[in-house]
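Inspection log for the structure reproduced underneath, given as structure tokens.
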Amino acid sequence: MGNCVARDIPDPQTGLTSNHIKAVRANWKLIEKRLPEYGLELFVAYLNKHPDWIGLLPFLKPADMPRLQQTPRLKAHGTIVLKKLGELLTMLDSPPKLIGELLKQGSTHRARGLAPENFQAIQHDLNELFVKICGPEFDIEGWDAVLTLIMTGIEEGLRQARDKDAKYL
Ligand code: HEM
Numbered sequence: 001m002g003n004c005v006a007r008d009i010p011d012p013q014t015g016l017t018s019n020h021i022k023a024v025r026a027n028w029k030l031i032e033k034r035l036p037e038y039g040l041e042l043f044v045a046y047l048n049k050h051p052d053w054i055g056l057l058p059f060l061k062p063a064d065m066p067r068l069q070q071t072p073r074l075k076a077h078g079t080i081v082l083k084k085l086g087e088l089l090t091m092l093d094s095p096p097k098l099i100g101e102l103l104k105q106g107s108t109h110r111a112r113g114l115a116p117e118n119f120q121a122i123q124h125d126l127n128e129l130f131v132k133i134c135g136p137e138f139d140i141e142g143w144d145a146v147l148t149l150i151m152t153g154i155e156e157g158l159r160q161a162r163d164k165d166a167k168y169l
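In full-length UniProt numbering, the protein residues as written are 1 to 169.
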């Protein structure tokens, strides 16, 4: 037999390989250095692309649009979202725990009026932000797999919460 190279087999529940997990966690070391600044940058970009979604954030009003960059509540909110993302990255090798947390996030965000398209859009903006932060270190394949998994889980949580609501109408 020649060299025996261990294959990096995707997890059957998440589709992630150990290389995906290793790569995004290495990138996260760069991202976590400045969570408040990056969290603000994320939501400023998000709202500038989708100004009509400002109503999804109850602490903002349309008149705040021109001064988002100077809005401490938006910075605080962006920090919370990125912190949660960092927590989710620690669960990538515990699929049942991860999936439970994603469904929970879907359910709490359904109560806040969020829909799947709001998460698809934030996936795009997270990806753009992380490319900018990590530069050549950015692992395209790993982040695509991880962010798609996270958004799919949250969207499933939104759907389950909607179906549960429909039962009691
Ligand atoms: C993957 C993306 C996101 C993650 C991981 C996330 C996570 C969180 C977490 C951890 C909290 C606070 C704890 C809680 O009550 O659940 C929260 C609150 C909240 N999130 Fe998200 N979120 C995400 C995306 C969004 C988006 C795109 C919006 C709206 C545009 C949004 C709107 C809210 C609102 C309105 C709150 C309550 C804030 C408050 O009452 O001050 N979230 N989110």
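C-beta: ideal position from N, C-alpha, C; glycine also.
Assigned secondary structure, residue i (DSSP; H/G/I helix, E/B strand, else coil)
i: P36; result: helix
i: S94; result: coil
i: K73; result: Checking the displayed sequence, the identity of residue 73 turns out to be Arg instead of Lys. Helix, per DSSP.
i: G2; result: With a pLDDT of only 48 at G2, under the threshold of 50, the placement of this residue in the model should not be trusted, and no figure is reported.
i: S18; result: helix
i: R112; result: coil
i: I9; result: coil
i: L82; result: helix
i: K61; result: coil
Contact belief for residue i with residue j at Cβ below 8 Å, rounded distance in angstroms
i: L35; j: K84; result: At roughly 11 Å, the Cβ-Cβ gap does not stay under 8 Å, so L35 and K84 are not in contact.
i: L56; j: R110; result: With a Cβ gap of about 12 Å, L56 and R110 do not count as contacting.
i: W53; j: N118; result: 7 Å
Host alpha helix (DSSP H) of residue i (start-end)
i: E117; result: P116 to C134
i: T148; result: I140 to K167
Short CB-CB distance (under 8 Å) between residue i and chain C
i: A63; result: Absent here is chain C; the protein component of the structure consists of one chain.
*Are the region 19-32 and the region 142-154 in contact at 8 Å, needing three or more beta carbon pairs?*
yes
*How about the region 36-47 and the region 117-137: do they share at least three Cβ pairs that are nearer than 8 Å?*
Enough Cβ pairs lie closer than 8 Å, so yes.
_Sufficient close CB pairs (3 or more, under 8 Å) joining the region 149-158 to the region 100-109_ = yes
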